[in-house]
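Numbering (our numbering), first residue to last: 993 to 1065.
Here a beta-carbon is modelled for each residue, glycine too, at the ideal position from N, C-alpha and C.
Down below is the structure, laid out as structure tokens.
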């Protein structure tokens, strides 16, 4: 697993733990728990978006290289 995948997995685990605590210990009124939960979701989304952007860039580069070879450059 790449470092980024491990980080995303850890974030998912933390989200699950906090969600369980909110539910089990009746933390619905604890503003800090919701802020932390929101931050973790945003961080997970940011890391996943970064992966998607890199994959698209690599795919674009691959297509550009293929087109250059076809054109004889």
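Beta-carbon proximity of residue i to residue j, cut-off 8 angstroms
i            : j            : result
residue 1000 : residue 1029 : no
residue 1045 : residue 1003 : no
Length of the line joining the Cα atoms of residue i and residue j
i            : j            : result
residue 1062 : residue 1035 : 41 angstroms
residue 1011 : residue 1053 : 41 angstroms
residue 1015 : residue 998  : 26 angstroms
residue 1023 : residue 1055 : 48 angstroms
residue 995  : residue 1043 : 12 angstroms
residue 990  : residue 1039 : With the chain covering 993 to 1065 only, the question about residue 990 has no answer from this structure.
Enclosing alpha helix (DSSP H) for residue i [first to last residue]
i           : result
residue 999 : 995-1016
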